[in-house]
Each structure stands twice: as C-alpha cells, then as structure tokens.
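Heads up: the sequence shown begins at 1 in my numbering, then just goes up one per residue.
Even glycine gets a Cβ: it sits at the ideal position worked out from N, Cα and C.
Please read the structure below before turning to the comments.
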Amino acid sequence: MKPQGTKRLETDRLILRRFVIEDAEDMYQNWTSDPEVTKYLTWPTHSSLDVTKAVLEDWLPKYEDDNYYNWAIEYKETGKVIGSISVVKLNDIVDSADIGYCMSRALWGNGIMPEALTAVINFLFDEVGLNRIAAYHDANNPKSGRVMDKAGMRLEGVWRQAGKNNQGICDEVWHSIIKSDRLKK
Ligand SMILES: CC(C)(COP(=O)(O)OP(=O)(O)OC[C@H]1O[C@@H](n2cnc3c(N)ncnc32)[C@H](O)[C@@H]1OP(=O)(O)O)[C@@H](O)C(=O)NCCC(=O)NCCS
1 MKPQGTKRLE
11 TDRLILRRFV
21 IEDAEDMYQN
31 WTSDPEVTKY
41 LTWPTHSSLD
51 VTKAVLEDWL
61 PKYEDDNYYN
71 WAIEYKETGK
81 VIGSISVVKL
91 NDIVDSADIG
101 YCMSRALWGN
111 GIMPEALTAV
121 INFLFDEVGL
131 NRIAAYHDAN
141 NPKSGRVMDK
151 AGMRLEGVWR
161 QAGKNNQGIC
171 DEVWHSIIKS
181 DRLKK
C-alpha cells in the first residue's frame, strides 16, 4: 500500500476534493440536514449548521494523515458541494478499504454516485495499491446497492443483523471488487 491522502480526482461531471470549512453551508443545505438522506446512515441528521461546522472542524486536521480519504463531491455544473464519499475503514494487512457515501436528494437518480465511486475505486487500486474495495448497505436501502453494482462491485452476501443505523438493527448487504476482477471484464 502506498498511502496518498485525499488527492483531488476529476470525472466528467465531478470534482472530488478535500473539504474546506466554507463547505459547511452546502453540506447542511444539501444533505446533512435531510432525514431522508440519513435514514439508513449511522450518524444523526444535523439539527443546525453549527453541528455540520463542528463535524468539518473534526475532519479537517485529519487530512494531514496520508491514510485518511474523505472527499467532498463538487458538481461542476453548479460549483456546489453535493455529497461526500470516504474510506470508512482501511486494512493495511490485506490492503483493503470499506467505502461510504451520501449525497443531496435533489440529485438522486442521475448516476452521480456511481461516477464518484468508480473514480475512487480506480484511485485506490491504481495509486494507493489496494487489492480489495468493499461497501455494504442496509437490506432496506437497495438503491445504494445499485450504486455498488454500477461501479463494478459484486454481491458478496448478507451479514444478518450485523449493523445498526438510524432505523435500528439491520442486515448488512456486502459488495466488493478485487483488483483482478477488472482484468476479467
Ligand atoms: C444511495 C445514493 C448515494 C444513490 O446515489 P445516486 O447518484 O442517486 O445513484 P443512481 O443515480 O445510480 O441511482 C441508484 C438507485 O437509486 C434509486 N433512485 C434513483 N432516483 C431516485 C429517487 N429520486 N428517489 C429514490 N430513489 C431513487 C434507483 O433505484 C437507482 O437505481 P437504478 O438506476 O437501477 O434505477 C443516494 O440515494 C443517497 O445519497 N442516499 C442516502 C445516503 C445513503 O443511503 N448512502 C449509502 C449508505 S450505504
């Protein structure tokens, strides 16, 4: 593994970059205050802009760590930050990462998160040198599984009642891609 830190990535419609404190308002407006976005997430809906600012203040110093990967998703068309995608767990023994993401409800259904996830997968394989990238979703949140499918991950299985989120205890549906899967396409 060659730790790179949160490097700027670019796709057709998106810029993936480090968060800055000025992103707090876009974050709050676009996703952290929306209970539909946080429905299947592990953190509570933000009750005020100050909560979002405090979260950002916690994140920003972590960018000094080259094993910290947490991107703001900027939508080129509007210049707004519309979501986030991050490595929630890194395992340097087997060179693997687990990914999490969320974004503004106003833009759901446009294939934006699959575009972001594909860029992150390519970066983690090609530049960081990982071998396995995985993610899970609540069994009641299959739209997140569609994102994983579209980014080339495949279904691994279900961990029954293994997780807890804002809906309570849930079944976790795991997907993954390993580096050699890409050669099989
Ligand atoms: C999951 C999420 C990231 C999907 O991002 P996206 O950019 O909308 O992804 P896509 O456009 O590929 O849509 C994925 C699926 O969402 C569903 N979907 C699309 N538009 C939708 C809408 N307006 N409302 C509800 N669901 C919708 C569809 O099932 C779609 O699959 P399909 O293309 O096969 O029909 C987004 O819905 C989100 O942020 N959800 C809340 C946070 C979350 O659940 N994060 C994942 C935790 S594991």
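- Judged by their CB atoms, residue 55 and residue 102 are not nearer to each other than the 7 Å cut-off.
- Within the model, the alpha-carbon separation for residue 84 versus residue 1 is close to 23 Å.
- For residue 115, the secondary structure class from DSSP, reduced to helix, strand or coil, is helix.
- A Cβ-Cβ contact shorter than 7 Å links residue 147 with residue 114.
- Distance from the CA atom of residue 156 to the CA atom of residue 174, rounded to whole angstroms, is 5 Å.
- When secondary structure is reduced to three states using DSSP, residue 93 falls in the coil class, being assigned neither helix nor strand.
- By the neighbour-count criterion, in which 16 or more other beta carbons inside 10 Å mark a residue as buried, residue 26 falls on the buried side.
- One Cα belongs to residue 160, the other to residue 144, and the distance between them is close to 17 Å.
- Note: residue 80 is bridge-paired with 75 in the DSSP secondary-structure output.
- The C-alpha of residue 131 lies about 15 Å from the C-alpha of residue 67.
- In this structure, the alpha-carbon of residue 9 lies about 8 Å from that of residue 120.
- At a threshold of 6 Å, residue 40 counts as near ligand 1, since its beta carbon sits closer than that to one of the ligand's heavy atoms.
- Less than 7 Å divides the Cβ of residue 52 from the Cβ of residue 32.
- Taking a C-beta distance under 7 Å as the contact criterion, residue 73 and residue 117 do not qualify as a contact pair.
- For residue 167, the secondary structure class from DSSP, reduced to helix, strand or coil, is coil.
- A distance criterion of 6 Å places the beta-carbon of residue 148 beyond contact range of ligand 1, judged by its closest non-hydrogen atom.
- Straight-line measurement puts the Cα of residue 163 at about 24 Å from the Cα of residue 71.
- For residue 138, the enclosing beta strand (DSSP E) covers residues 132 to 138.
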